[in-house]
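Enquirer: I'd like to ask some things about the structure below.
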Amino acid sequence: MNSKTDTAQSSAEALRYPWEQHPGPDEVVEIRPGVLWVRLKLPFRLNHVNIYLLADGDGYAMVDAGFGNEETIEAWTKLFDGPLKGVNITRLIVTHSHPDHVGLAGWIVERFKCPLVMSQVEYLQSVYHQNRGTEERRGAQRLFFRRHGMDESLTEKLLGRGQDYLKRVSVLPPSYRRISHGDDVVIGSRRFKVITGGGHALDQVMLYCADDKLFLSADQVLSKISPNVSVWAVEPDQNSLGEYLASLASLTTTLPYDLLVLPGHGVPFYGLKTRIKQLADHHEERCRLIAEACREVPQTSRALVPVVFNKHVLDEHQMGFAAGELVAHVNYMIVEGRLTAETKDGMLQFRTT
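All letters in the sequence shown, in the order written, are residues 2 to 354 by my numbering.
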């Protein structure tokens, strides 16, 4: 083998973080000519979301909008009155339907009279989120949590958390422009290939520019934390972890090594394939812990939370995500033939095969 080639590939695989310092609340960082980075606050332990602006004709295409609350509106107002003064937003590309990304989409679209661009599934999922909350749907969620071992008190807290979280989305426009996996999208002088993937969201949009060696990974591949991969009441048997791992495998085989990755949270980085392997290994370790815990005595998802998250103190918001993550893992392990499920006292219990 060519030692120079091996060395270059090894260097490209190494995780590197060119921007350890993130933008302040009133700052914009230029990552490349015509590529701007904004960081907005979130009211959670994961306390920020990244927004990217891509030069596009007489303005910028915005990728994601931020959380739908007054604090985010104030942050954008300061930016548009300050470092982004006079900037025109030509289109808003929303990567997925989670409130920290789509939350302020309606406000941005209204302010700039620009089109909203999303995958069809994520747009419709956003509309669904805005219209959920009926007693019928709450009943389905209540049954879902109870079947996975949550007691009544925790179930009611999780239901309340979900309703509050989903209200943080401004009203979406009644029409949008669809983008789909495999599309070529021209933004200014750059041509991006649209890549979509499941797991964290149903059909999350990522953007890959081969000429500029840029990859906007949204929340599919984050720099230092693992994106949440969960299952919820609307599709209780979903194999979201299987979808996520398949997406990671596809990214590994289709994308080159030497990309600058712009994630939805954290800092930009190099070393995409190394990071993908870390994420896949992380989920395999969780599966190993679950298999070990279920070997002698069958366990509910609720009982498995401390097994997997034993080093973490979980508030209600985090407990909701932890519960969804546990269901994602047990569903995946059932599909893979590593667990079986049985019902006892109305609750699902899992045993290692």
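The beta carbon of each residue, even a glycine, is placed where N, CA and C say it ideally should be.
Can you give me the C-alpha to C-alpha distance between Asn311 and Ser231, rounded to a whole angstrom?
Expert: Spanning the two alpha carbons is a distance of roughly 18 angstroms.
Enquirer: Return the first residue and the last residue of the alpha helix (DSSP H) that Thr275 is part of.
Expert: Taken as a continuous stretch (DSSP letters only), the alpha helix (DSSP H) holding Thr275 covers Leu273 to Ala294.
Enquirer: Quick check on this structure: which residue in Phe322, Gly347 and Val331 has the alpha carbon closest to the alpha carbon of Leu160?
Expert: Cα-wise, what sits closest to Leu160 is Phe322.
Enquirer: Put Ile180 into one of helix, strand or coil per three-state DSSP.
Expert: In the structure shown, Ile180 sits in coil (DSSP, three-state: anything other than H, G, I, E or B).
Enquirer: For Thr6, is the classification buried or exposed, using 16 other Cβ atoms within 10 angstroms of its Cβ as the cut-off for buried?
Expert: Note on Thr6: pLDDT 46, under 50, position unreliable in the model; the coordinate value appears next. Counting Cβ neighbours within 10 Å, Thr6 comes out exposed, since fewer than 16 surround it.
Enquirer: Along the chain, which unbroken stretches of the beta strand (DSSP E) at least 3 residues long are found entirely within the segment 207-240?
Expert: Taking only runs of at least 3 residues, the beta strand (DSSP E) segments lying wholly in the segment 207-240 are 215-219.
Enquirer: Should the segment 111-123 be regarded as contacting the segment 89-98, the criterion being three or more beta carbon pairs within less than 8 angstroms?
Expert: The segment 111-123 vs the segment 89-98: in contact.
Enquirer: Tell me, please, which residues DSSP counts as bridged to Asn51.
Expert: Looking at the DSSP assignment, Asn51 forms a beta bridge with Arg40.
Enquirer: Kindly indicate which three-state DSSP category Ala342 falls into: helix, strand or coil?
Expert: Note: Ala342 maps to strand in three-state DSSP.
Enquirer: Quick check on Thr353: does DSSP put it in helix, strand or coil?
Expert: Note: Thr353 maps to strand in three-state DSSP.
Enquirer: Taking only runs that begin and end inside the segment 69-122, name each unbroken alpha helix (DSSP H) of 4 or more residues, in chain order.
Expert: Whole alpha helix (DSSP H) segments, 4+ residues: 71-82, 100-103 and 106-113.
Enquirer: Determine the burial state of Ser154: buried for a count of at least 16 other Cβ atoms within 10 Å of its Cβ, exposed for fewer.
Expert: Label assigned to Ser154: exposed.
Enquirer: With a threshold of 16 other CB atoms inside 10 Å of the CB of Ala9, please say whether the residue is buried or exposed.
Expert: Confidence is the limiting factor: at Ala9 the pLDDT is only 49, short of 50, which leaves the residue's position unreliable, though a coordinate-based value still follows. Flag for Ala9 reads exposed.
Enquirer: Considering only DSSP beta bridges, list what Leu173 is partnered with.
Expert: None, per the DSSP bridge assignment.
Enquirer: Can you tell me which of the three DSSP states Asp7 falls into?
Expert: Bear in mind that the predicted position of Asp7 carries a pLDDT of just 47, short of 50, making it unreliable; the figure below should be weighed with that in mind. Three-state DSSP puts Asp7 in a helix.
Enquirer: So, are the CB atoms of Tyr209 and Leu273 less than 8 angstroms apart?
Expert: Contact: no.
Enquirer: Roughly how many angstroms separate the alpha carbons of Leu327 and Ser241, rounded to a whole number?
Expert: Approximately 11 angstroms between the Cα atoms of the pair.
Enquirer: Quick check on DSSP: helix, strand or coil for Met151?
Expert: Of the three classes helix, strand and coil, the one that applies to Met151 here is coil, per DSSP.
Enquirer: Using only alpha-carbon positions, find the residue among Leu47, Trp38 and Tyr129 that is nearest to Ser227.
Expert: The shortest C-alpha separation from Ser227 is found at Leu47.
Enquirer: Does Arg46 come out as helix, strand or coil in the three-state DSSP assignment?
Expert: Coil, per DSSP.
Enquirer: Can you tell me where the beta strand (DSSP E) holding Gly60 begins and where it ends?
Expert: Taken as a continuous stretch (DSSP letters only), the beta strand (DSSP E) holding Gly60 covers Gly60 to Val64.
Enquirer: Beta-carbon within less than 6 angstroms of Ser224's beta-carbon, same chain only, minus the 5 sequence neighbours each way: which residues are those?
Expert: Counting only Cβ-Cβ distances below 6 angstroms, and skipping sequence neighbours, we find Pro264, Gly267, Val268 and Phe270.
Enquirer: Kindly confirm or deny that the segment 197-205 and the segment 103-117 touch, where touching means at least three C-beta pairs closer than 8 angstroms.
Expert: Touching, no.
Enquirer: Quick check on this structure: which residue in Ala324, Asp212, Gly338 and Ser176 has the alpha carbon closest to the alpha carbon of Arg148?
Expert: Per the Cα distances, Ala324.
Enquirer: Select from Val64, Phe145, His23 and Arg139 the residue whose C-alpha is nearest the C-alpha of Gly347.
Expert: Here the closest residue by C-alpha is Phe145.
Enquirer: From Gly87 to Leu80, what distance separates their C-alpha atoms?
Expert: Straight-line Cα distance between these residues: approximately 10 angstroms.
Enquirer: Closest to Gln131 by C-alpha separation, out of Glu111, Cys295, Ala106 and Thr254, would be which residue?
Expert: The shortest Cα separation from Gln131 among Glu111, Cys295, Ala106 and Thr254 belongs to Ala106.
Enquirer: Could you tell me which of Arg192, Gln205 and Ala202 sits nearest to Leu215, measuring between CA atoms?
Expert: Taking only the C-alpha atoms, the option nearest Leu215 is Arg192.
Enquirer: On the three-state DSSP scale, how would you describe Ala304?
Expert: Note: Ala304 maps to helix in three-state DSSP.
Enquirer: Can you give the Cα-Cα distance for Val186 and Arg178, rounded to whole angstroms?
Expert: Spanning the two alpha carbons is a distance of roughly 12 angstroms.
Enquirer: DSSP three-state label for Gln205, please.
Expert: Strand.
Enquirer: Suppose contacts are defined by Cβ-Cβ distances below 8 angstroms. Is Gly35 in contact with Leu55 by that definition?
Expert: Yes, these two residues count as a Cβ contact at 8 angstroms.
Enquirer: Measure from the alpha carbon of Glu293 to the alpha carbon of each residue in Thr275, Lys278 and Val331, then state which is nearest.
Expert: It is Val331 whose Cα lies nearest to the Cα of Glu293.
Enquirer: CB-CB under 6 angstroms to Glu343, same chain, minus the five flanking residues each way: which ones, in chain order?
Expert: Excluding sequence neighbours, Glu343 sits near Gln350.
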